[in-house]
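Q:
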Amino acid sequence: DDGRMKPDISAPGTFILSAKSRSTSSTGWLAHSNSDYTYMGGTSMSTPLTAGASALIYQHLIDNMNHPDPTSALVKGIITVSAHDMTGQYGSSTNGAGETAPNYHEGWGLLDLDKAVNTSWVDNESVNTGDTRGWKFTVPNGAPDLKVMVSWTDPPSTPSASTNLVNDIDFAVKDPSGNWVEYGNNLDNLIGTTISSPAAGMWEIHVNGTNIPTGPQHFSMVIDAPYSMINISADADGDGFIDTLDDCPNTAGSSTQDQTGCPDGDGDGWSNVGDDFPNEGTQWSDSDGDNFGDNPGGVNPDSCTSVVGTSSSDRYGCPDTDSDSWSDPDGGWTAFQGADACASTWGNSTLDRNGCLDEDGDGQSDLNDALLNDDTQWLDTDGDGYYDNPNPATNWDDCPSIWGNSTIDRQGCLDTDGDGVSDDNDPWPTDPSRSIDTDGDGFADSEDDCPNFAGNSTWILVGCLDADGDGRTVEYDAFPNDGTQWNDTDGDGFGDEPTGNFADDCPNTYGDSWQNGTLGCPDSDGDGWSNGEDSFTNDSTQWHDVDGDGYGDNIGGTNPDSCPTTPGNSTQGGVLGCPDSDGDGWADSIDDFPNDDTQHSDQDGDGFGDNATGNNADDCPITFGNSTIDRLGCVDTDGDGYSDINDDFPTDPTRHLDTDGDGYADFEDDCATVPGTSTNGSIGCFDADQDTWADDDDSFPLDATQWNDTDMDGFGDNANGTNPDACPTVFGNSSSTILGCLDSDGDTWADLIDVFPDDGTEWIDDDADGFGNNIDFCPVTAGNSTNGTIGCIDSDGDAWADNSDFLPQDPTQWLDSDGDGYGDNLAGTDGDNCPNEAGNAIYDLVGCPDNDQDGWSNSGDAFPERRSQYQDTDGDGYGDNNSPGAELADHWPDDPERNTAEVLLECEPTEFEIDLALDPSVRFTCSITNLIQNNLTVRVEWKSLNAIDAGVRVHVLVITGNGTQTVAFSGNMVEKGDINSVIEASEPGAIKSMAYTSIQIDAINSEDGDSFDDILDKAKDVPHIQEIIAVIIAILLALFLAFNARRNARKKKEERRRQLQQRMASAFVMDEHNRPGRFPPN
150 DDGRMKPDIS APGTFILSAK SRSTSSTGWL AHSNSDYTYM GGTSMSTPLT
200 AGASALIYQH LIDNMNHPDP TSALVKGIIT VSAHDMTGQY GSSTNGAGET
250 APNYHEGWGL LDLDKAVNTS WVDNESVNTG DTRGWKFTVP NGAPDLKVMV
300 SWTDPPSTPS ASTNLVNDID FAVKDPSGNW VEYGNNLDNL IGTTISSPAA
350 GMWEIHVNGT NIPTGPQHFS MVIDAPYSMI NISADADGDG FIDTLDDCPN
400 TAGSSTQDQT GCPDGDGDGW SNVGDDFPNE GTQWSDSDGD NFGDNPGGVN
450 PDSCTSVVGT SSSDRYGCPD TDSDSWSDPD GGWTAFQGAD ACASTWGNST
500 LDRNGCLDED GDGQSDLNDA LLNDDTQWLD TDGDGYYDNP NPATNWDDCP
550 SIWGNSTIDR QGCLDTDGDG VSDDNDPWPT DPSRSIDTDG DGFADSEDDC
600 PNFAGNSTWI LVGCLDADGD GRTVEYDAFP NDGTQWNDTD GDGFGDEPTG
650 NFADDCPNTY GDSWQNGTLG CPDSDGDGWS NGEDSFTNDS TQWHDVDGDG
700 YGDNIGGTNP DSCPTTPGNS TQGGVLGCPD SDGDGWADSI DDFPNDDTQH
750 SDQDGDGFGD NATGNNADDC PITFGNSTID RLGCVDTDGD GYSDINDDFP
800 TDPTRHLDTD GDGYADFEDD CATVPGTSTN GSIGCFDADQ DTWADDDDSF
850 PLDATQWNDT DMDGFGDNAN GTNPDACPTV FGNSSSTILG CLDSDGDTWA
900 DLIDVFPDDG TEWIDDDADG FGNNIDFCPV TAGNSTNGTI GCIDSDGDAW
950 ADNSDFLPQD PTQWLDSDGD GYGDNLAGTD GDNCPNEAGN AIYDLVGCPD
1000 NDQDGWSNSG DAFPERRSQY QDTDGDGYGD NNSPGAELAD HWPDDPERNT
1050 AEVLLECEPT EFEIDLALDP SVRFTCSITN LIQNNLTVRV EWKSLNAIDA
1100 GVRVHVLVIT GNGTQTVAFS GNMVEKGDIN SVIEASEPGA IKSMAYTSIQ
1150 IDAINSEDGD SFDDILDKAK DVPHIQEIIA VIIAILLALF LAFNARRNAR
1200 KKKEERRRQL QQRMASAFVM DEHNRPGRFP PN
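Here the sequence shown is numbered in the numbering used here, starting from 150 and rising by one per residue.
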């Protein structure tokens, strides 16, 4: 333990639903409804989850991210960078995993696959000591915390090392403000950091080879956000284009079209030197050199890209003979469409035609200009002498398309009566004497007393405002808003017109009456009733007295009559003017005693008056009562004459005295002076258990539920009491369920309910199946099973209960010892040929092991580990199944001499000469021809070589019989030298190839310099006296070595080819003299 951080990651490991093994207890951590599963916990649960997550990430990188060969370091980096920190145990911020990740409890946190697929990464980069690799990316505003992780597969350490890290890598982060922070240690091969609330802008990450004794060290770098990362490691000018692809490696630029990475001032993708318009982003090419761009969607696009032109008004860059900016017409562009209508004469017209002479500059050519010297007018469409352009143009026409003669309101519009006003504005277009109605009220100004204000008056003043439409203006209308009234002689606000609204009934006398339909007459008390109709002329609250008793009929007025239609003399209780028979002032209607002048009120309505000094005065005046003996008018519930307050039995008319207060009247109480509650036996005596029986008469004086025991067996006769005697007249000893009855077998169960009265071990059979509940495994369900669990349902009648019967509906099977779904009884349905060994074979030995899951038992399967094969008829080691995709397919299943399919493999080109400094890419295609009649699955592989970085190395094809398909391979050389690369065609799962061929690649690097420099350097050391001879010898030696090197190179190249073919022949089980590309038939 050298102190490095472990674990790397955490995953759920408690209460995980798992398949149950034989060694697991029946419940595991927690039982599941399906007995084949249970809830488990521990690393045996969390480890498979992590392994499965790793496999999913690996597959995601290949299938979805087009990354064919992810490294383990990348998978580890993605898992750890996407993990999230866990909370502490029991809510603690420090206990357990509560410490901030990473820590020794959780590593970098809890596995999170959802975040894992939203990461950015670089893989399989490498550094040596002192090397730096860098990437930059942009962080948007409001971005969440950023996590960075660098991981690598470290070389093996030695047992004696105190620190086991061999290759030490660190990294540094630069924020948008230029601040650097370095991260790393000398313990872990997984280092990372979390940056809280990262600032928006450009960030950089630089991975440094701090100490790489065993190099180069490959590594992966991952961030937990989907940002686009740009490699700045080999980008001298920092423009995002690596130098090998940058056409301007020392000058930053963004061009991508003609050159890559060169300055592009207008950002259109074309470098400044290749851009005809370096400052205009929408144009870059000018084929005819007339300063108009070829891009039709750009600024000032050239409409005649192959012809020099200067036009700029109708089209850009086309011929303009008269140089007036309008292009000459041609076959595709006519004067009607906008070309110059006067191509050989300079012109400035733009309205009726383009490019013709327009002396007044109004846009209309002189040929069609009605006013040649006036630039405000040029047309008179209707020929009425007024011109089409509107005011303020010269002599404008308000109706330019209609001949007209109007001059007053508008010019040049139709005026039928010739009064100067156009018909549209003349209310009387055929009457020359009337033409203007300024206020539009239907009265001509010449007859209108109010010509500037619309009105409808016709009496005295004409055409003035008359709001109510009665023909009179406001000045002459007493009721300007009422069209039915206009005069008020007496000035009381009611009009004189008798048929109008609110007509005055006294038009010549001022008045304000308004009640009863009488309006405008005198009303002295102002109650709205005219004096002639008011019985109380000086009382504004009363006006009628129908019964003539001096009390007014208005209930809300002064002294209102409570009986307005009946004369009366009552004066009390707020009821006035009603009949009062006894003359006590109280009206008969409210007098409870209308014929007794000493009483008038009976609040409680019991017939006894409230007046204490009156006749039959009520002792309880506010409580209804009927007592007559001790008091009058008080409550006497039982009606015995005694008021309840003096009656010990207020609800019993037969009793009223109880000396001892125990609720029993003295005449019936057996203990009249001693309080008691007994009601049975002695009445009103002491009863300790309150069961109504006096203690002297109670067999159970302290048990309120029992009092009698007829058979003296200690169980009370009361069936609803404590320990009730089920057989109260027969002495008995039963004590279970029913008590006090005869129990012959002494099992406490009475013979009456004991299903087994002579068996002291059984007494109940709930399901009535003949098996007592004590031995019955299914006591509430009738059953007939006698093996395993007794007394349970046995549907198939094989003596085994359904709940322990492997196949409860099959009488031939009941046990499945190995749990594989096949019964142990070999003679039964689907009998298990291997009853003590789980298996799923179904075709030969049912229930025996079948490793490859193809339905054939291992012992009966010629290929027990290959699911697609099970039979080998000819015994040649190849299976009879030759359907597409089957492994070890025998295409001649009855011929032991032939098996593998035959194909023809040919690739083109087969030789390359590569200069790594110029273009390291290798591209070729291969055609594969199926030489058999059936469809064939073919795996075509470019055999792995470290010198080549291939994009795709394997293609899997399905080729029809005698058909041919073509595949393409591409990659980059990463090392120089002579390489003989092999292409192999085989069937999936085959142990030998069907065909192979090779690709010869000679790779050099011109940047390594001249190989003759060492020889010339040696010549310089020759002594001065031999200088000439030494130089000559050196030159001759160099020529000889060059010739010899080329000859040796060709010889070595041929030798390597021959050796490679021999090795391939051996590896692919070939005869090396066979032509590459096809194997002979087996």
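Built from N, CA and C at the ideal position, the CB exists for glycine as well.
Could you tell me if proline 219 is buried or exposed, where buried requires 16 or more neighbouring beta carbons within 10 angstroms of its beta carbon?
A: Looking at its Cβ environment, which holds 16 or more other Cβ atoms inside 10 Å, proline 219 is buried.
Q: Going by beta-carbon coordinates alone, are alanine 288 and proline 347 separated by less than 8 Å?
A: Checking the displayed sequence, the identity of residue 288 turns out to be valine instead of alanine. Yes, Cβ-Cβ distance for valine 288 and proline 347 is below 8 Å.
Q: Alpha carbon to alpha carbon, what distance is there between phenylalanine 592 and asparagine 540?
A: When rounded, the distance between both Cα atoms is 31 Å.
Q: Looking at the structure shown, is valine 1171 part of a helix, part of a strand, or coil, going by DSSP?
A: Legend: pLDDT at valine 1171 = 41, less than 50; position of this residue unreliable, no value from coordinates given.
Q: Assign leucine 259 to one of three DSSP states: helix, strand, or coil.
A: Note: leucine 259 maps to strand in three-state DSSP.
Q: I need the DSSP call for glutamine 208, collapsed to helix, strand or coil.
A: Three-state result, glutamine 208: helix.
Q: Please report how far the alpha carbon of aspartate 858 lies from the alpha carbon of alanine 875, in whole angstroms.
A: Near 11 Å, if we compare the C-alpha coordinates of alanine 875 and aspartate 858.
Q: Could you compute how far the alpha carbon of aspartate 894 sits from the alpha carbon of serine 193?
A: Rounded to the nearest angstrom, the two C-alpha atoms are 58 Å apart.
Q: Look at the alpha carbon of threonine 268 and the alpha carbon of threonine 1059, and state the distance between them as a whole number of angstroms.
A: Rounded to the nearest angstrom, the two C-alpha atoms are 40 Å apart.
Q: Who are the near neighbours of asparagine 708 in its chain, counting only those whose CB is closer than 7 Å to its CB and skipping five residues on each side?
A: Closer than 7 Å at the Cβ level, and outside the excluded window around asparagine 708, lie Tyr700, Gly701, Leu725.
Q: For alanine 837 and glycine 790, what's the separation of their Cα atoms in angstroms?
A: Taking the straight line from one Cα to the other gives about 36 Å.
Q: Identify, in the order they occur along the chain, each residue of the same chain with its Cβ nearer than 6 Å to the Cβ of serine 382, setting aside the five sequence neighbours on each side.
A: Closer than 6 Å at Cβ, skipping near neighbours: Arg282, Gly283.
Q: Cα-Cα, which of Glu274, Leu295, Asn428, Ile379 is closest to glutamine 366?
A: Ranking Glu274, Leu295, Asn428, Ile379 by Cα distance to glutamine 366 puts Glu274 first.
Q: Tell me, please, whether the segment 770-790 touches the segment 730-747 by the rule of three or more beta-carbon pairs shorter than 8 Å.
A: Judged by Cβ distances under 8 Å, the segment 770-790 makes no contact with the segment 730-747, as fewer than three pairs qualify.
Q: Note down the Cα distance separating aspartate 501 from glycine 458, rounded to an integer number of angstroms.
A: So the two alpha carbons sit approximately 24 Å from each other.
Q: Alpha carbons only, please: which of Gln664, Cys670, Gly666 is nearest the one belonging to asparagine 657?
A: Asparagine 657 has its Cα closest to that of Cys670, out of Gln664, Cys670, Gly666.
Q: Apart from the five residues just before and just after glycine 754, which ones in its own chain have a Cβ nearer than 7 Å to its Cβ?
A: Answer for glycine 754: Phe773, listed in chain order.
Q: In chain order, what residues of the same chain have a beta carbon less than 6 Å from the beta carbon of aspartate 847, not counting five sequence neighbours either side?
A: Excluding positions up to five away in sequence, the list reads Trp856.
Q: Please name the residue, chosen from Glu248, Met351, Asn313, that lies closest to alanine 292 on a Cα-to-Cα basis.
A: Taking only the C-alpha atoms, the option nearest alanine 292 is Met351.
Q: Please check if any C-beta of chain C sits within less than 8 Å of the C-beta of glutamate 817.
A: No chain C is part of this structure, which consists of one protein chain only.
Q: I'd like to confirm the pairing. Which residues does DSSP put opposite cysteine 1075 in its beta bridges?
A: Note: cysteine 1075 sits in a beta bridge opposite Cys1056, Val1116.
Q: Using the three-state DSSP reduction, which class does isoleucine 227 fall into: helix, strand or coil?
A: Correct three-state label for isoleucine 227: helix.
Q: Just to confirm the assignment, what range does the beta strand (DSSP E) spanning histidine 367 have?
A: First-last of the beta strand (DSSP E) with histidine 367: 366-372.
Q: How is asparagine 1233 classed by DSSP in three states: helix, strand or coil?
A: No answer is possible for residue 1233: the residues shown for the chain start at 150 and end at 1231.
Q: Among all the DSSP beta bridges, which residues are the ones paired with histidine 107?
A: With the chain represented from 150 up to 1231, any question about residue 107 goes unanswered, as that position is not in the structure.
Q: Give the DSSP bridge partners of threonine 343, in chain order.
A: Bridge partners of threonine 343: Lys296.
Q: Thinking just about the alpha-carbon of each residue, which of Ser555, Leu563, Asn522, Ala616 is nearest to the one in isoleucine 543?
A: Correcting the residue type first, residue 543 is threonine in the shown sequence and not isoleucine. Per the Cα distances, Asn522.
Q: With a threshold of 16 other CB atoms inside 10 Å of the CB of valine 1239, please say whether the residue is buried or exposed.
A: There is no way to answer for residue 1239, as the model of the chain reaches only from 150 to 1231.
Q: For serine 1119, I'd like the list of residues in its chain whose CB is within less than 6 Å of its CB, leaving aside the five on either flank, ordered along the chain.
A: Hits under 6 Å: Arg1072, Gly1100.
Q: What is the DSSP secondary structure of glutamate 1062, counted as helix, strand or coil?
A: Looking at glutamate 1062 - three-state DSSP - the assignment turns out to be strand.
Q: For aspartate 1170, which residues in the same chain have their Cβ closer than 7 Å to its Cβ, ignoring the five residues on either side in sequence?
A: Low per-residue confidence applies at aspartate 1170: pLDDT is 46, beneath 50, and the placement is therefore not dependable, though the value from the model is reported in the following sentence. Contacts found: none.
Q: Check whether the Cβ atoms of glycine 940 and aspartate 954 lie closer than 8 Å to each other.
A: For glycine 940 and aspartate 954, no; Cβs fall outside 8 Å.
Q: For phenylalanine 628, which of Asn650, Thr607, Ser462, Asp654 has the nearest alpha-carbon?
A: When only C-alpha atoms are compared, the closest one is Asn650.
Q: For asparagine 936, count the other beta carbons within 10 Å of its own beta carbon; 16 or more makes it buried, fewer makes it exposed. Which is it?
A: Exposed, by the Cβ-count rule.
Q: Taking the straight line between their C-alpha atoms, what separation do you get for aspartate 900 and cysteine 997?
A: For aspartate 900 and cysteine 997, the distance between alpha carbons rounds to 57 Å.
Q: Where does phenylalanine 602 land, buried or exposed, given buried means 16+ other C-beta within 10 angstroms?
A: When all chains shown are included, phenylalanine 602 counts as exposed.
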